[in-house]
Amino acid sequence: MTPPERRAALVALGVTTAVVGVALLAPLAYSDPHGLDPDDLRLSGVAAALCLVTYASKRLVAARPVALALAAITIAYSGWLAAPQFLVDRGAHLSGPALTFWASFLQFAITVGACVAARRLPPALRPDLRLRSLSGRAVLVTLGGIALLTLAALIVPATWLGREGLQTVATGPGGRLDMAWLGPADLLMATAQELQFRGLLLGALERVMPRGWANVLQALLFGLSHLAVLYQGPLGPFLPVTAAVGLLAGFAVQRTRSLWPVIAVHGLADAAIDAFVLGGLYGL
Amino acid sequence: MASDPRAVRLALACCTVVAALGAAPARAAAAEPWWQPLAFSGQAVTSVVSGDAGSIEAVVEGRAMRSDDGGAHFTDSAAAVARPGATALAGDTLWQIRGGRVFRGTPPALDPASPDLGKAAHLIGAPASLPGGVICVSAGGTVWRRSPDGTWSRSLLLLPDTLVTGVPEITGIAAFSRPLSDAVYLSTRGYGTLLTSDGGDDWIRADSGLPGDVFSLAADSASDPPQVLAGTDRGLYVHRLRALPQIPAYAAESLLGRWLATVAVCIVSVVAGAAALLRLVPRPEEAAVSPP
């Protein structure tokens, strides 16, 4: 790593984050952004545009990995938001969980596309996705992570976590929570998000700065990115909690040198939220 | 950089457009809080009951209080406050829990499919606008619902707040005895109040402005507007009946200006971002990328 490359990565991270933040928050001043832009296309648009700028200028080659990671995060998120309505508008007769599955599949596919694009980056800048190893330590971390997650969910007050503590236990005809669709959807979404944050972004930052700082920065961005989530609960605790989860996940990836443990834990957490929390909240 | 002055001028122009649109009367008026303090601020109101003629009776720090003007003024009451619960009047139909089972009508007839709720069960609610629909709570804290067709099923099981404190206690149920709303309200000690508007199929948390510890609930159909009263550890609160908040729906023509403003915001921020990238990222000779 060299200081100029590090500076390029930091500038790309700071500038793209600021621009996406302005695009996210500025419309709040004059409109309800969810009514206006329900798929957050404005975030994808600005992130993709800045990524193209880095590809258009040889001068910005060292900024490309970070810009690509941020574009992957926003475009995949918009794809996930837009896919259900897109399918319904074209006459698809699918259940809500099935629509969620195909939305998650699109998010995964877009992320894989970004990973393929990352393979074409200069080797010195190319992020290590850590998909080729699964050591005994990684398996242990996976099991420990699942236990820790369960314990934390039981110990931390529900209101701190932003969940409402409701569960609908009645099941209607055909089942209220179709986990046959939602389970794979959660796994695809978790894989996509881990590839984005702990694969592309963390990998890109690690190329140009110490691992600890790279982890802190990706965790901060992971927390900040939840500003864009359609989330109705208290934002105050939600952002630091997600940033802390991002930090822990990044640390696990760095220590195990594998992305698989965090994919497994993240997927399980999402599935648990679907099965035990969202059903009560939204009547899925 | 040569492009900077143009970018600044463009940014100023777009900011002017955005500011003008922001000043337009497009913002929704601030809505009344979902729950508001009514009386006895800071005092524990352990029980609240609404009477037929708009009266409100409450137990405040052990004292019985009564209001005959919708809660504007309270005076000491000589009579003991009736214990809320165990019966629910929905229009002309009386529902009640007796010996852990649900009975309907006068004289009371056992609802044959009703579950065994346990001897201590006493919380029951039935909205008059949903004939045959009933919500009740078992002694163990499971919420049951009766569909208008007479079938019973479990409706809600609260998740524990923490492993240590366990599941919050359900303390009250309220529904309007006149056909004013399908809503049934449930109070808890920990999760505030919950609300269902589809006979207990789905629940949402509806406690904005309310303390977490709610001891008692009462629906007051006689007041204008109809209201729900909540006795809490920090006073008596009121929610006046109104529609649930909805995502605003815009007419297509009203979106055009906002879309243009958003596009302008995006263009300006991308131009500024690109300029910042080109300005702050070192030149290639400084940032020599390592060869493969």
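Protein sequences, first through last, are from chains F and Z.
Residues in the first sequence are numbered from 1 upward in steps of one, following the numbering used here.
Residues in the second sequence are numbered from 1001 upward in steps of one, following the numbering used here.
Using N, Cα and C, we set each Cβ at its ideal position, and we do this for glycine too.
Since residue 1270/Z meets chain A, which of its residues come closer than 7 angstroms, beta carbon to beta carbon? Within the model displayed, chain A is absent; protein chains F and Z are what it includes.
So what's residue 14/F in DSSP terms, helix, strand or just coil? helix
Under 7 angstroms from the C-beta of residue 1282/Z: neighbouring residues of chain F: 4, 7 and 8
If you reduce the DSSP assignment to three classes, tell me which class residue 1187/Z lands in. When secondary structure is reduced to three states using DSSP, residue 1187/Z falls in the strand class.
Comparing the C-beta of residue 65/F with each C-beta of chain Z, is any distance below 8 angstroms? Cβ-Cβ to chain Z under 8 angstroms: no for residue 65/F.
State the Cα-Cα distance for the pair residue 289/F and residue 135/F, rounded to the nearest angstrom. Nothing about residue 289/F can be read from this structure; chain F reaches only from 1 to 284.
At the level of alpha carbons, what is the spacing between residue 205/F and residue 1047/Z? Going by the C-alpha atoms only, they are around 59 angstroms apart.
Can you tell which of 1171/Z, 1162/Z and 1195/Z has its C-alpha closest to the C-alpha of residue 1139/Z? 1171/Z
Do residue 1276/Z and residue 15/F have their C-beta atoms closer together than 8 angstroms? yes
Euclidean distance between Cα positions of residue 1060/Z and residue 1180/Z: 29 angstroms
Let me confirm a value: residue 85/F is counted as buried when at least 16 other C-beta atoms fall within 10 Å, else exposed. Which label applies? It is exposed - the Cβ of residue 85/F has fewer than 16 other Cβ atoms within 10 Å.
Pairwise C-alpha distance: residue 209/F and residue 4/F: 11 angstroms
Does any residue of chain F have a CB that is nearer than 8 angstroms to the CB of residue 1166/Z? no
Assumed close pair residue 1184/Z, residue 1196/Z - CB separation to whole angstroms, cut-off 8 angstroms: Confirmed, about 5 angstroms.
Contact check, residue 1076/Z vs residue 1055/Z under 8 angstroms by CB: the rounded distance? Their Cβ separation, rounded to whole angstroms, is 14 angstroms, which puts residue 1076/Z and residue 1055/Z out of contact at 8 angstroms.
Let's test the definition: count the other Cβ atoms within 10 Å of the Cβ of residue 1041/Z and tell me whether it reaches 16, buried, or not, exposed. exposed
Taking 7 angstroms as the cut-off, is the CB of residue 1166/Z close to at least one heavy atom of the ligand GTP? Of the ligands one can find in the structure shown there are none, so the ligand GTP has no counterpart to examine.
Is the shortest distance between the beta-carbon of residue 168/F and the beta-carbons of chain Z less than 8 angstroms? The predicted position of residue 168/F is uncertain, since its pLDDT is 49 and thus under 50; a value taken from the coordinates is nonetheless stated next. Chain Z contact via Cβ: present.
Residue range of the unbroken beta strand (DSSP E) whose run includes residue 1101/Z: 1101 to 1104
Round the Cβ separation of residue 1169/Z and residue 1188/Z to the nearest angstrom and send it over; I've been treating them as touching at under 8 angstroms. 7 angstroms
Taking the alpha-carbon of residue 1129/Z as reference, which of 1236/Z, 1105/Z, 1158/Z and 1221/Z has the nearest alpha-carbon? 1221/Z
Limits of the alpha helix (DSSP H) - the one that residue 1032/Z falls within: No alpha helix (DSSP H) contains residue 1032/Z, which DSSP labels as neither H nor E.
Looking at chain F, is there any beta carbon in it that lies within less than 8 angstroms of the beta carbon of residue 1186/Z? no
Taking only three categories from DSSP, how would you classify residue 1215/Z? strand
In the DSSP output, what is residue 1153/Z paired with across the bridge? Its beta-bridge partners are 1145/Z.
Report the rounded CA-to-CA distance for residue 11/F versus residue 101/F, giving the unit in angstroms. 36 angstroms
Do you know offhand how far residue 255/F's Cα is from residue 61/F's? 29 angstroms
Counting only Cβ-Cβ distances shorter than 8 angstroms, please list the residues of the region 55 to 80 of chain F near chain Z, keeping chain order. 57, 58, 59, 60, 61, 62 and 63
Can you give the beta carbon distance from residue 1231/Z to residue 1058/Z, rounded, assuming they're within the 8 angstroms contact cut? 6 angstroms
Report yes if the C-beta distance between residue 1101/Z and residue 1116/Z is below 8 angstroms; otherwise report no. yes
From residue 261/F to residue 48/F, what does the alpha carbon distance come to, in whole angstroms? 30 angstroms
Since residue 247/F and residue 219/F are thought to touch, with beta carbons under 8 angstroms apart, how far apart are those beta carbons, to the nearest angstrom? 4 angstroms
Can you have a look at residue 1199/Z and say buried or exposed, based on whether 16 or more other CB atoms are within 10 angstroms of its CB? Residue environment analysis places residue 1199/Z among the buried positions, since at least 16 neighbouring C-beta atoms fall within 10 angstroms of its C-beta.
Whole-angstrom C-beta distance between residue 36/F and residue 1258/Z, which should lie under 8 angstroms: 5 angstroms
Let me know if residue 1032/Z comes out buried or exposed under the rule of 16 or more other beta-carbons within 10 Å of its beta-carbon. exposed
Comparing alpha-carbon positions, which option in 1272/Z, 1255/Z and 1226/Z lies nearest residue 1053/Z? 1226/Z
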